[in-house]
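J.: Have a look at this one.
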């Protein structure tokens, strides 16, 4: 049940949105804290004062790829658990608990604790991630123009956590002690869990378990209608877009993280920036440009121009590809400098373009799925979205491994060419694809606007 006109709101949105906002903020703090230091910890020498595991880059990238794949792939059973047994609300609570315990275990300097902690984190994210996003969509009525804005607000919360984590967890982990960093990420998740428990009074009407309706006199679930089948076709296409985007974007935590450490001149104004700090750039740019980009899309729509979710995702893929053109330029520069390192400003520019692309894809895709997915399979489809995100992450790891032999220049140029070509192809077919969603992406302008409290 979505919010009603009579319900008190905060800044025009139901208060439950902000509970989910802060819960996800701290979950992303824990995840991006791990993301910032995991590959660096795996490849740090065992003889260093802050000793790591001493793995070679290919082995480290392989584990990184599998970890980021399973973190998201487990969203499918997480969605099923919510749809069929617990409901979204309780599954989110379970996921938060597993994350806290996983990070506590990682704080111990022991290889068994390391693997055990990773497994619990994978299970925790799988339970929490798809269901908290579905709950955001559940706060709004069908066709409500505020739904897209809500996901942008929610997405900013994600990126506040993602911005703070590399700076705090990254510094403590990379400079002081890796395991202190892992533990700090867990403290963040514990705060998120407390916020979520406290805010249950604002989430009474969303995320509750709803049994699957069965046909009378049979034991079969209600099948999809013809319109729902058309929408599912477009959903599958959007999943392919998501795989392409994350395979490119998630080079940041693997290949680009190592590239920043080894081949980027990180001295700015006399200060050497730790490689893990650069992982906060994406989130910083999202916080800085999230609202302006949303505003520009609104102005674009008001002028009657193409503003569909599919168009945004196609354009976002192209912009993301352009970021790798800047990285290719950085790779060329490494061959012309005495120390074999490129300017950090190439990285700043590449991350900026990646984020502009991200803002046109990730929050849009989240909202798009809640519009197209049949209600009875809402959490499952959101889980499937995160599973394909995991496939993109795994593909990112494989691409990073390939760069160790093919070279960064070849990989960066390859990603640029593929992303721009794919995005252009999508834009060409936007009008035909829109017919299959049967108006699900249209804004209902008759829905009353609820004033802030």
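Residue numbers (the working numbering): 23 to 475. Cβ coordinates follow ideal geometry from the N, Cα and C atoms, glycine included.
How many Å lie between residue 239 and residue 232 at the Cα?
T.: Within the chain shown, the letter at position 217 stands for residue 239. Within the chain shown, the letter at position 210 stands for residue 232. With a pLDDT of 49 at residue 239, under the threshold of 50, the predicted position of this residue should be treated as unreliable, though the coordinate-derived value follows. Cα to Cα, the separation comes out at about 20 Å.
J.: Based on DSSP bridge pairs, tell me the residues matched to residue 289.
T.: Here residue 289 is taken as the residue at index 267 of the chain shown, counted from 1. For residue 289, which the question treats as bridged, DSSP gives the partners 294.
J.: Based on Cα-Cα distance, which residue from 306, 224, 453 and 374 lies nearest to residue 332?
T.: Looking up residue 332 in the chain shown gives position 310. The residue with the shortest Cα to Cα distance from residue 332 is 453.
J.: Can you tell me whether DSSP reads residue 36 as helix, strand or coil?
T.: As a first step, residue 36 is located in the chain shown; it is residue number 14 there, counting from the start. Residue state, collapsed to three classes: strand.
J.: If you reduce the DSSP assignment to three classes, tell me which class residue 382 lands in.
T.: Residue numbering aside, residue 382 sits at position 360 when the chain shown is read from its first letter. Looking at residue 382 - three-state DSSP - the assignment turns out to be coil, as it is neither helix nor strand.
J.: Considering Cα atoms alone, identify which of 363, 438, 432 and 430 is closest to residue 379.
T.: Residue numbering aside, residue 379 sits at position 357 when the chain shown is read from its first letter. Selected option, being the one with the closest Cα: 438.
J.: So residue 322 is in the alpha helix (DSSP H); what residue range does that whole segment cover?
T.: One-based indexing of the chain shown puts residue 322 at position 300. Looking at the DSSP string, the run of the alpha helix (DSSP H) that includes residue 322 is 303-324.
J.: Residue 364 by DSSP, collapsed to three states: which one?
T.: Within the chain shown, residue 364 is the residue found at index 342, counting from 1. Residue 364 falls in the strand class under three-state DSSP.
J.: Hey, how far is the Cα of residue 220 from the Cα of residue 41?
T.: Numbered from its first residue, the chain shown carries residue 220 at position 198. Numbered from its first residue, the chain shown carries residue 41 at position 19. Rounded to the nearest angstrom, the two C-alpha atoms are 9 Å apart.
J.: Determine whether the beta carbon atoms of residue 136 and residue 128 lie at a separation below 9 Å.
T.: Looking up residue 136 in the chain shown gives position 114. Looking up residue 128 in the chain shown gives position 106. The answer is yes: Cβ separation under 9 Å.
J.: Can you tell me the Cα-Cα spacing of residue 210 and residue 48, whole angstroms?
T.: Locating residue 210 in the chain shown gives position 188, counting from the first residue. Locating residue 48 in the chain shown gives position 26, counting from the first residue. Straight-line Cα distance between these residues: approximately 5 Å.
J.: Rounding to the nearest angstrom, what Cα-Cα distance links residue 171 and residue 305 in this structure?
T.: In the chain shown, counting from the first residue as 1, residue 171 sits at position 149. In the chain shown, counting from the first residue as 1, residue 305 sits at position 283. If I take the Cα positions, the gap works out to 18 Å.
J.: Report yes if the C-beta distance between residue 77 and residue 419 is below 9 Å; otherwise report no.
T.: Position 55 of the chain shown, counted from the start, is the residue given in the question as residue 77. Position 397 of the chain shown, counted from the start, is the residue given in the question as residue 419. Contact flag unset, no.
J.: Which residues in the same chain have their Cβ closer than 7 Å to the Cβ of residue 50, if we skip the five residues on either side of it in sequence?
T.: The count along the chain shown starts at 1 and reaches residue 50 at position 28. 180, 183 and 184.
J.: In chain order, what residues of the same chain have a beta carbon less than 8 Å from the beta carbon of residue 295, not counting five sequence neighbours either side?
T.: Counting from 1 along the chain shown, the entry for residue 295 is found at position 273. Closer than 8 Å at Cβ, skipping near neighbours: 288, 289 and 366.
J.: Would residue 45 be called buried (16 or more neighbouring beta carbons within 10 Å of its own) or exposed?
T.: As a working note, residue 45 is residue 23 in the chain shown. Classification for residue 45: buried.
J.: At the level of alpha carbons, what is the spacing between residue 15 and residue 426?
T.: Residue 15 is absent from the structure shown; the chain starts at 23 and stops at 475.
J.: Go ahead and label residue 106 buried or exposed: buried means 16 or more other beta carbons lie within 10 angstroms of its beta carbon, across all protein chains shown.
T.: Mapped onto the chain shown, residue 106 falls at position 84. That one is exposed.
J.: Measure the C-alpha to C-alpha separation of residue 442 and residue 456 and round it to an integer number of angstroms.
T.: Locating residue 442 in the chain shown gives position 420, where the first residue counts as 1. Locating residue 456 in the chain shown gives position 434, where the first residue counts as 1. Using only the alpha carbons, I get a separation of about 21 Å.
J.: Since I believe residue 435 is in contact with residue 98 (beta carbons under 8 Å), could you give me their beta-carbon distance rounded to a whole number of angstroms?
T.: In the chain shown, residue 98 corresponds to position 76, counting from 1. In the chain shown, residue 435 corresponds to position 413, counting from 1. So it is not a contact: roughly 34 Å between Cβ atoms.
J.: Let's test the definition: count the other Cβ atoms within 10 Å of the Cβ of residue 113 and tell me whether it reaches 16, buried, or not, exposed.
T.: One-based indexing of the chain shown puts residue 113 at position 91. Under this definition residue 113 is a buried residue.
J.: Got a sec, what are the start and stop residues for the alpha helix (DSSP H) residue 397 sits in?
T.: The residue labelled residue 397 in the question sits at position 375 within the chain shown. Unbroken run through residue 397: none, as it is neither H nor E.
J.: Excluding the five sequence neighbours on either side, which residues of its own chain have a C-beta within less than 8 Å of the C-beta of residue 266, listed in chain order?
T.: Within the chain shown, numbered from 1, the residue matching residue 266 stands at position 244. Cβ neighbours of residue 266 beyond the five flanking positions: 339, 414, 440, 441 and 444.
J.: Could you tell me the alpha carbon to alpha carbon distance between residue 160 and residue 228, rounded to whole angstroms?
T.: Here residue 160 is taken as the residue at index 138 of the chain shown, counted from 1. Here residue 228 is taken as the residue at index 206 of the chain shown, counted from 1. The straight-line gap from Cα to Cα measures roughly 6 Å.
J.: Ordered along the chain, which non-local residues of its own chain (more than five positions away) have a Cβ less than 6 Å from that of residue 372?
T.: To locate residue 372, count along the chain shown from 1; it is residue 350. Taken in chain order, the residues that qualify are 345, 348 and 349.
J.: Ignore the nearest five residues each way along the sequence and tell me which others in residue 300's own chain have a CB closer than 7 Å to its CB.
T.: On the chain shown, position 278 is the one that residue 300 refers to. If we look at residue 300 and ignore the five residues flanking it on each side, its Cβ neighbours are 282 and 369.
J.: Based on Cα-Cα distance, which residue from 57, 260 and 52 lies nearest to residue 297?
T.: Numbered from its first residue, the chain shown carries residue 297 at position 275. Measuring from the Cα of residue 297, the nearest candidate turns out to be 57.
J.: For residue 245, does the count of other Cβ atoms within 10 angstroms reach 16, so buried, or fall short, so exposed?
T.: In the chain shown, the residue the question calls residue 245 occupies position 223. With fewer than 16 other Cβ atoms within 10 Å, it is exposed.
J.: Excluding the five sequence neighbours on either side, which residues of its own chain have a C-beta within less than 7 Å of the C-beta of residue 393, listed in chain order?
T.: Reading the chain shown from its first residue, position 371 is the one you call residue 393. If we look at residue 393 and ignore the five residues flanking it on each side, its Cβ neighbours are 462 and 463.
J.: Quick check: what's the CA-CA separation for residue 164 versus residue 259?
T.: Working through the chain shown from its first residue, we reach residue 164 at position 142. Working through the chain shown from its first residue, we reach residue 259 at position 237. Going by the C-alpha atoms only, they are around 22 Å apart.
J.: Just to check my reading of the structure: residue 61 and residue 82 have Cβ atoms closer than 8 Å, yes? What is that Cβ distance to the nearest angstrom?
T.: Against the chain shown, residue 61 aligns to sequence position 39. Against the chain shown, residue 82 aligns to sequence position 60. Yes, residue 61 and residue 82 are in contact; Cβ-Cβ is about 6 Å, under 8 Å.
J.: Look up residue 231 in the DSSP assignment and say whether it is helix, strand or coil.
T.: One-based indexing of the chain shown puts residue 231 at position 209. Residue 231 falls in the coil class under three-state DSSP.
J.: What is the rounded straight-line gap between the Cα of residue 382 and the Cα of residue 71?
T.: The residue you call residue 382 lines up with position 360 of the chain shown. The residue you call residue 71 lines up with position 49 of the chain shown. For residue 382 and residue 71, the distance between alpha carbons rounds to 43 Å.
J.: Under the rule that 16 or more other beta-carbon atoms within 10 Å means buried, what is residue 132, buried or exposed?
T.: As a working mapping, residue 132 is identified with position 110 in the chain shown. Label assigned to residue 132: exposed.
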